[in-house]
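Enquirer:
In this note's numbering, the protein residues as written are 7 to 333.
(1) So is the beta-carbon of residue 147 under 7 angstroms away from any non-hydrogen atom of the ligand MG?
(2) Should residue 128 be labelled buried (16 or more other beta-carbon atoms within 10 Å of its own) or exposed?
(3) Three or more C-beta pairs under 8 angstroms: does that hold for the stretch 218-232 against the stretch 245-264?
(4) Which complete beta strand (DSSP E) runs does the stretch 203-273 hold, if anything under 3 residues is left out?
(5) Checking 8 angstroms against the spacing of the C-beta atoms, do residue 103 and residue 88 come in under that value?
(6) Which same chain residues, not among the five before or five after residue 319, have their C-beta less than 8 angstroms away from its C-beta?
(7) Taking Cβ positions, are residue 115 and residue 143 nearer each other than 8 angstroms?
(8) By alpha-carbon positions, which one of 301, 291, 264 ends up nearest to residue 321?
(9) CB-CB under 7 angstroms to residue 1, same chain, minus the five flanking residues each way: which ones, in chain order?
(10) Helix, strand or coil for residue 134 per DSSP?
(11) Straight-line CA distance for residue 125 to residue 234?
(12) Using a Cβ-Cβ cutoff of less than 7 angstroms, which residues in the same chain neighbour residue 63 once the five nearest sequence positions on both sides are dropped?
(13) Spatial neighbours of residue 267 within its chain, please: CB distance less than 6 angstroms, with the 5 preceding and 5 following residues excluded, ordered by chain position.
(14) Taking buried to mean at least 16 other C-beta atoms within 10 Å of its own C-beta, is residue 81 buried or exposed?
(15) Opposite residue 305 in the DSSP bridges: which residues?
(16) Just tell me which of 178, 150, 174, 290 has its CA closest to the CA of residue 239.
(17) Starting from the Cα of residue 123, find the closest Cα among 106, 138, 158 and give me that residue.
(18) Reducing DSSP to helix, strand and coil, say where residue 93 ends up.
(19) Count the other C-beta atoms from every protein chain shown that fall within 10 angstroms of the C-beta of residue 105, then say buried if there are 16 or more, exposed otherwise.
(20) Please classify residue 67: does DSSP put it in a helix, a strand, or coil?
(21) Using a threshold of 8 angstroms, state whether the C-beta atoms of residue 55 and residue 79 are closer than that.
(22) When we look at the beta-carbon of residue 329 and count the other beta-carbons within 10 Å, is it buried (16 or more) or exposed?
(23) Should residue 50 be labelled buried (16 or more other beta-carbon atoms within 10 Å of its own) or exposed?
(24) Let me know the secondary structure DSSP gives residue 24 once reduced to three states.
(25) So, with DSSP's three-state summary, where would you put residue 33?
(26) Does residue 325 pass the burial test, meaning 16 or more other C-beta atoms within 10 Å, or should it be called exposed?
(27) Using 10 angstroms around the beta-carbon of residue 15, count the other beta-carbons present and answer buried if the total reaches 16, otherwise exposed.
(28) I believe residue 305 touches residue 36 by the beta-carbon criterion, under 8 angstroms. Please report the beta-carbon distance rounded to the nearest angstrom.
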């Protein structure tokens, strides 16, 4: 009898420990999905969260992009190869930093390709189009939208921004320079500014790459990455202005490495939950166990503001965010 009771007690304890283990596993939602993915853009389409990242690998292997969707920010579905170089004849490698926007019932995916180092090379920022957010995406222009260096900005790290009046802007740039340009309504080119220039530089102090912009309380929040993407000091800083043209005066860092969690935290985007003042920052980071620059994973944290509208420093975590359904 004692042996039976002992056996039942052992089963009960084992079950309890197993349940606790599963429970603890569920609490850790970062990274949000498996695999090496970087430069994530987060967005909401039809009450569904979407994340479009760079496939983080050798440049020669970066010939496609995947996307991920979720109803609650914690359970993600992978949509493989939403675009690849077979659909973009001029793109050969280094497909980077997707930025997506819905316009007139079509989904437009802006991306960088080929990592050009001069105006003599083929590549730059391209545009692809699809009828669904999961693609498949096809080349929209048959050539890059931006294929030259303007104001010193390498044509990479593109972000499409829709202003309050419906005007779309392309904000982009590597090599420590950032440009803004007015997009035509059909995204086939650009509309010159009043002074006849097409690309205006809006580079803030310490800018390196990875621009992102959003509006809150009629203020324009401009975010970017600083430091080197392969190093531990990669981070995110921001500025606030009254116009998408700036001027943007650097306020400070709001996302950086934590020696207990991960390093290389940067290249972010922001998701604003529909019909609320709840914001999430989507970013990549490198696990402490990894030394390869391409070993980057995508994570999400909640982002908060103080009473004056300044962004509070974001604490990077393994827990990430809790399930959050859009109603």
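Where a beta carbon is used, it is the ideal one built from N, C-alpha and C, also for glycine.
Expert: Once the coordinates are examined:
(1) Looking for the ligand MG in the displayed structure turns up nothing, as the structure carries no ligands at all.
(2) exposed
(3) yes
(4) 215-222, 225-232, 241-247, 256-261
(5) no
(6) 259, 260, 261
(7) yes
(8) 264
(9) Outside the displayed range of the chain (7 to 333) lies residue 1, so it cannot be described from this structure.
(10) strand
(11) 23 angstroms
(12) 42, 300
(13) 322
(14) exposed
(15) 289
(16) 290
(17) 158
(18) helix
(19) buried
(20) helix
(21) yes
(22) exposed
(23) exposed
(24) In this predicted model, residue 24 has a pLDDT of only 38, less than 50, meaning its place in the structure is not dependable; the value taken from the coordinates is given anyway. Residue 24: helix per DSSP, three-state reduction.
(25) helix
(26) exposed
(27) Note that residue 15 has pLDDT 42, beneath the 50 cutoff, so the model's placement of it is unreliable and the number below is only indicative. Under this definition residue 15 is an exposed residue.
(28) 4 angstroms
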